[in-house]
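Novice: This is the structure I want to talk about, given as structure tokens.
Residue numbers (my numbering): 1141 to 1556.
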């Protein structure tokens, strides 16, 4: 396991020296002294209240135990770092197979889809995530209309107020609207509802507007998300000012000139906690810059496949020592919000990587790496971390513990 990823702590199933674990056995709720071992624990137990208090075997506490049964697994609950729940009413409205075709269909149906997603739509989306083991998610909010549905979510939410707009004449108006939405979301923050900001992308946000929002994020220490290098069209537009985006901007916005280079865009996020979404077409120079500013990368494999933009090179991301997480994106470019299905798709798509070792990285991507990206105190089974825990059963007893991550991904859809 690489040891050059700085402060990140890795699940003990990866046999590092961290105090994080995947275990099976009993769950105990109560009080105990701190004691954490760095290993996979067979017939293990967790003692917890709101926080994890103790992990081990035969903890000898008077608190009643919940026995989970044979072949049970206890592991950190999953974290879906990047969603667009505003599009959760989509089913066959949008066109897949080509990024620009899809983008034009989004513009055509956006208002209809937003209008159709109300209370039950959001409840259904959250329930789907919850059943598949998700305890927290990052939500990109472009309008603020979703706030009334998400502020009382049973899951933890990091609510990213998004800014979008490249027209310099409208910068002040868009910024004022952003400030209003940010204030409204900050007023409902609590231990389960946190706030962040989102710069939509380098091609859709004027640099002056982006800098204003980033400065606020720095001042308030808010996490940031931004879409980056998702398609070949974006690459061609930002580096050459040519291609399908040129026609797109001329048609919709009477503009045909990129406003910032990819490297300049990345540099804006220095000294922030920023996650770059997709990065399918990011080159080595850009990935190295993301590493230098200590950024994160989010991989959305199903979305990338449906929009036919290519596949993120995970080895290249790891070679640049960038922690990556995996997310479902929204139902604008996915058929599901089930995070187990997402990492299973990643496992099967990345045919150049060994499945046993990739499985370990993918579990890390939806737990500890995801927690770091969202700034949450969970993602690992470790004393002092929030007791965000999931349990489920594997089909049979597993003698080779190294195979457990792979079997978890292959055979788990829902949690108990």
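Even for Gly, the Cβ is constructed at its ideal location relative to N, Cα and C. Fair warning: this is a prediction, and the values are worked out from it, not measured in the lab.
Give me, in chain order, the residues of the same chain whose beta-carbon lies closer than 8 Å to that of residue 1190; leave out the 5 immediate sequence neighbours on both sides.
Specialist: 1526, 1527.
Novice: Just list the beta strand (DSSP E) runs in the segment 1427–1463, keeping only unbroken ones of 3 residues or longer that don't cross its boundaries, in chain order.
Specialist: Correct list: 1436–1439.
Novice: Less than 7 Å separating the beta-carbons of residue 1452 and residue 1439?
Specialist: Their beta carbons are under 7 Å apart, which means residue 1452 touches residue 1439 by this criterion.
Novice: According to DSSP, which residues form a beta bridge with residue 1220?
Specialist: In the DSSP output, where bridge partners are listed per residue, residue 1220 has 1277.
Novice: In chain order, what residues of the same chain lie with their CB nearer than 7 Å to the CB of residue 1234, ignoring the 5 residues before and after it?
Specialist: Within the same chain, residue 1234 has close Cβ partners 1242, 1245, 1246, 1249, 1472.
Novice: Just the C-alpha distance for residue 1454 and residue 1427, rounded to the nearest angstrom, thanks.
Specialist: Their Cα atoms are separated by approximately 11 Å.
Novice: Based on Cα-Cα distance, which residue from 1232, 1512, 1556, 1335 lies nearest to residue 1279?
Specialist: Minimum Cα distance to residue 1279 is reached at 1335.
Novice: What does the alpha-carbon distance come out to for the pair residue 1240 and residue 1448?
Specialist: For residue 1240 and residue 1448, the distance between alpha carbons rounds to 10 Å.
Novice: I'd like the ranges of any alpha helix (DSSP H) spanning at least 4 consecutive residues and lying wholly in the segment 1227–1314.
Specialist: Complete alpha helix (DSSP H) runs here, min 4: 1239–1256, 1259–1271, 1287–1290.
Novice: Which of the three DSSP states, helix, strand or coil, is assigned to residue 1466?
Specialist: If DSSP states are grouped into helix, strand and coil, residue 1466 belongs with the strands.
Novice: Is residue 1232 close to chain B? Criterion is C-beta to C-beta, closer than 7 Å.
Specialist: You won't find chain B in this structure, because it holds only one protein chain.
Novice: Where does residue 1393 land, buried or exposed, given buried means 16+ other C-beta within 10 angstroms?
Specialist: Its Cβ having fewer than 16 others within 10 Å, residue 1393 is exposed.
Novice: Is residue 1221 near the ligand ATP, going by C-beta to nearest heavy atom under 6 Å?
Specialist: The ligand ATP is absent from the structure shown, which contains no ligand whatsoever.
Novice: Could you round the C-beta distance between residue 1467 and residue 1408 to whole angstroms and report it? I think they count as a contact, below 8 Å.
Specialist: Actually they are not in contact, since the Cβ atoms of residue 1467 and residue 1408 sit about 22 Å apart, beyond 8 Å.
Novice: Classify residue 1289: buried if its beta carbon has 16 or more other beta carbons within 10 angstroms, exposed otherwise.
Specialist: That one is buried.
Novice: If we call anything under 7 Å between Cβ atoms a contact, is residue 1338 one with residue 1300?
Specialist: Cβ distance < 7 Å, so residue 1338 and residue 1300 count as in contact.
Novice: By alpha-carbon positions, which one of 1465, 1445, 1266 ends up nearest to residue 1436?
Specialist: Of the candidates 1465, 1445, 1266, the one whose C-alpha sits nearest the C-alpha of residue 1436 is 1465.
Novice: Around the Cβ of residue 1273, are there at least 16 other Cβ atoms within 10 angstroms (buried) or fewer (exposed)?
Specialist: Residue 1273 is buried by the Cβ-count criterion.
Novice: Let me know if residue 1567 comes out buried or exposed under the rule of 16 or more other beta-carbons within 10 Å of its beta-carbon.
Specialist: The question about residue 1567 has no answer here: the residues shown for the chain are numbered 1141 through 1556.
Novice: Can you tell which of 1314, 1192, 1198 has the C-alpha that lies nearest to the C-alpha of residue 1183?
Specialist: With distances taken between Cα atoms, residue 1183 lies closest to 1198.
Novice: Please name the residue, chosen from 1493, 1237, 1238, 1271, that lies closest to residue 1217 on a Cα-to-Cα basis.
Specialist: The residue with the shortest Cα to Cα distance from residue 1217 is 1271.
Novice: Based on the DSSP secondary-structure assignment, which residues constitute the bridge partners of residue 1333?
Specialist: Residue 1333 is bridged to 1297, 1330.
Novice: Taking the alpha helix (DSSP H) that residue 1390 falls in, what are its first and last residues?
Specialist: Looking at the DSSP string, the run of the alpha helix (DSSP H) that includes residue 1390 is 1384–1392.
Novice: Name the residue from 1423, 1487, 1516, 1474 whose alpha carbon lies nearest to the alpha carbon of residue 1231.
Specialist: Taking only the C-alpha atoms, the option nearest residue 1231 is 1474.
Novice: What do you get for residue 1511, buried or exposed, if any count of 16 or more other CB atoms within 10 angstroms of its CB means buried?
Specialist: Flag for residue 1511 reads buried.
Novice: Is it buried or exposed, residue 1340, if we count other Cβ atoms within 10 angstroms and call 16 or more buried?
Specialist: Result: buried.
Novice: Determine whether the beta carbon atoms of residue 1498 and residue 1488 lie at a separation below 7 Å.
Specialist: The answer is no: Cβ separation not under 7 Å.
Novice: Pick out whichever of 1518, 1193, 1204 has its Cα sitting closest to the Cα of residue 1331.
Specialist: Closest option to residue 1331, Cα to Cα, is 1518.
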